[in-house]
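Below you'll find the structure, written out as structure tokens, and then a few comments.
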DNA sequence: AGGATTAATGTAAAGGATTACAATTCGCCT
DNA sequence: AGGCGAATTGTAATCCTTTACATTAATCCT
């Protein structure tokens, strides 16, 4: 199938601002002013020019404009993994903020690989983006340096070790865990397990610490046997939950370091004919889009993704304006109560 | 927090190709040739220039280049909904093909709204993209016309009504359904239900037709009561499944028009204490990333998303080269067997 | 009405690369 | 050494806008 984009007769002159100017009998400067909404042009002239523009289907050449203005109105967005459903909403939100300002976004993902991060940043720079949001879970300074030497504003996502050095959107895990423990305690739980992630992962250790702190704050004892490690994926959650369930004394509620592992935990419970939430309560973390679609719908903790995106975007804009980015309180995680939590079943207390 | 991007002392001349040329003691033409990998430059010169480029941290101005060359090496990608997990893999694949060719992708989503489609196309054109892939489930000609008048190559996803008019990546639902029925028949099923989507949705009616055709081909009777309509979401699937399960005579296997409804069906079965797959088999469509994470992992049909992306991308490239796009056989859906299907339970045959 | 302001428009110089064409230089041969 | 063709390199025009500055038109005020 061949779609002739150029009709055969088209001996057509390139359609540029000069054509419009001629046809409208004004100068290119005036056309340009109309295009850019300058106020210094009579309404009558402006209307006329706009009519001609529409007539000719004139579309300004963005490259010429950008070249002249020295900005591309293009932002780069780098995420860990577009297939991780945490990110699409973040991307979406970032993108719509950009669209509102007539800014376009190109984005790439690193697949959790720092080598790829380096390339991603490089590509963004080669594209002459105006600013870059690096919303990945891990980051290395070498990659970031490139942007710095190219004088391109950056913003990171919750990279505590770079705090003060690079602009950063800071996220608070504690609040969600405090709310979760509060919720469980009110329901009557005292025996609470945790499916942690590997210690090699930054965010995983932070979550575990937040869990432990929240336990203490609620006057609950930490039981080492009730903290098991999973691989942050469904399978790991299932295995971890099996370990937990196989113990002589079991917790009545289990938190997981992310929703995928909570899903696995749910499955392990099903497989063992343990009802959720009647026999055991489960809480996840992330509030992935699927969380509400599980059986039962999963109580979980949520990082407000749209807010993260909004703040990252605003941060970059502020930097571009040359203004000081005001310090902002961390973005807080919140508990989202659904149906995987309920009062514990009556039975002998395990302590 | 204020990160000074420009150090205070930086009274720096804009770093352009001329600076590089001076420093390397060659002309800008030579630098440009090195930059673009022209063969007509002595290896020694080339190496020297590259060294200087690296030394000066010179990054070419993409706008100037694009302006001169008349191409942006930017493609537009429009999808229905980035939060629908069908799309991220498609986006990913499209993007990596592009990256290989030094092409960047900007993308937007319509949220299934044709008004937004119009804007999306418009934005792409305003950005002077070289080509646009419109990978949405619905499409209207008015939106597409914009691209045509702007002489920008397009490619659509499975829009049969525009076939022959616009380049199109065609997808075949039939194969998947034939394989699914084959699979069920081999397992011993004869009584097969279907959770359809609304008739207002193109893809939903196609899937239903494919199901009906496959039924016929396998010599199975269609039972109108066993075809129920859902809203293509989890909740609709659950309700539809409840309807199906409430009938005096039930199918032993149920196909759903998409995975979300299959998830709902799974939940309805759990809630009614009907085991899957022992008591009833369930098959979805789409092979969303969650399909394998369900309990039990869902047997489903898969549209090869990476292949769709690859073909769409290749199609656009071919058009840009001014070549004829060869007709290609439709992309086939395939059955992915997991654990939600098994032989039917022994019981009185219902026919 | 006429001069002083102010508003609207026009002219032409960037902006930073690519590339046709012209000018050199190189390598090789006699 | 001198000459020729091929391989390199250089010069300068070009891509299309924006915008500083100059110019002209409109408006106001006495």
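Chains as they are written, first to last, in the working numbering: chain S, 1 to 351; chain H, 352 to 702. Backbone N, C-alpha and C define an ideal beta-carbon position, used for all residues, glycine too.
- When DSSP states are grouped into helix, strand and coil, residue 138/S belongs to the coil group.
- If you check each beta-carbon in the segment 388-418 of chain H against every beta-carbon of chain S, the ones closer than 7 Å belong to 408, 410, 412, 413, 414, 415, 417 and 418.
- At a cut-off of 9 Å, the C-beta of residue 118/S has no neighbouring C-beta in chain H.
- In chain S, no part has a C-beta under 7 Å from the C-beta of residue 553/H; the shortest such distance is about 21 Å.
- In the three-state reduction of the DSSP assignment, residue 328/S falls in the coil class, being assigned neither a helical nor a strand state.
- The CB of residue 307/S never comes closer than 9 Å to any CB in chain H; the least such distance is about 16 Å.
- The contact set of residue 476/H on chain S, defined by CB atoms closer than 7 Å, consists of 59 in chain order.
- With respect to residue 513/H, residue 607/H sits apart: the two C-beta atoms are not nearer than 9 Å.
- The Cβ-Cβ distance between residue 270/S and residue 621/H falls below 9 Å.
- Within chain H, the residues whose beta carbon sits less than 8 Å from that of residue 128/S are 410, 412, 413 and 414, listed in sequence order.
- Minimum Cα-Cα distance from residue 468/H among the listed residues 435/H, 431/H and 478/H corresponds to 431/H.
- Assignment of residue 282/S by DSSP, reduced to helix, strand and coil, places it in the strand class.
- Minimum Cα-Cα distance from residue 507/H among the listed residues 659/H, 592/H, 420/H and 453/H corresponds to 659/H.
- For residue 618/H, at least one C-beta of chain S is nearer than 9 Å to its own C-beta.
- Within chain H, the C-beta atoms nearer than 7 Å to that of residue 83/S come from 439, 440, 443 and 640, in chain order.
- Annotated three-state conformation of residue 519/H is strand, per DSSP.
- For residue 339/S, the three-state secondary structure derived from DSSP is coil.
- Secondary structure of residue 155/S (DSSP, three-state): strand.
- Residue 59/S and residue 71/S have their C-alpha atoms roughly 18 Å apart.
- Interface annotation, residue 97/S: not in contact with chain H, CB-CB separation never under 9 Å.
- Chain S has a Cβ within less than 9 Å of the Cβ of residue 615/H.
- Counting every other CB atom within 10 Å of its CB across the protein chains shown gives residue 18/S a total below 16, marking it as exposed.
- Counting only runs of at least 4 residues, the segment 565-624 of chain H fully encloses the following alpha helix (DSSP H) elements, listed from N- to C-terminal order: 585-596 and 610-622.
- The three-state reading of DSSP puts residue 131/S in strand, counting E and B together.
- Residue 381/H places its beta carbon less than 9 Å from that of residue 400/H.
- Counted as a single uninterrupted DSSP element, the stretch harbouring residue 196/S is not any alpha helix (DSSP H) but the beta strand (DSSP E) occupying residues 192-196.
- Our two residues, residue 317/S and residue 412/H, have alpha carbons roughly 21 Å apart in a direct line.
- Around residue 457/H, the beta-carbon contacts reaching into chain S at under 7 Å are 104, 105 and 106.
- Judged by pairs of C-beta atoms under 8 Å, the segment 427-443 of chain H touches the segment 80-99 of chain S, as three or more such pairs exist.
- Listed along chain H, the residues sitting closer than 8 Å to residue 150/S by beta-carbon distance are 408 and 410.
- Taking a cut-off of 8 Å for Cβ pairs, the segment 206-218 of chain S and the segment 235-245 of chain S do not touch, as fewer than three such pairs fall below it.
- Taking 9 Å as the CB threshold, residue 109/S lines the interface with chain H.
- Leaving aside the five residues that flank residue 392/H on each side, the residues in its chain whose CB is nearer than 7 Å to its CB run, in chain order, 381, 384 and 385.
- Where residue 427/H is concerned, the enclosing beta strand (DSSP E) starts and stops at 425-430.
- In the DSSP annotation of this structure, residue 540/H is not part of any alpha helix (DSSP H), being labelled neither H nor E.
- With its beta carbon at least 9 Å from every one in chain S, residue 605/H lies outside the interface.
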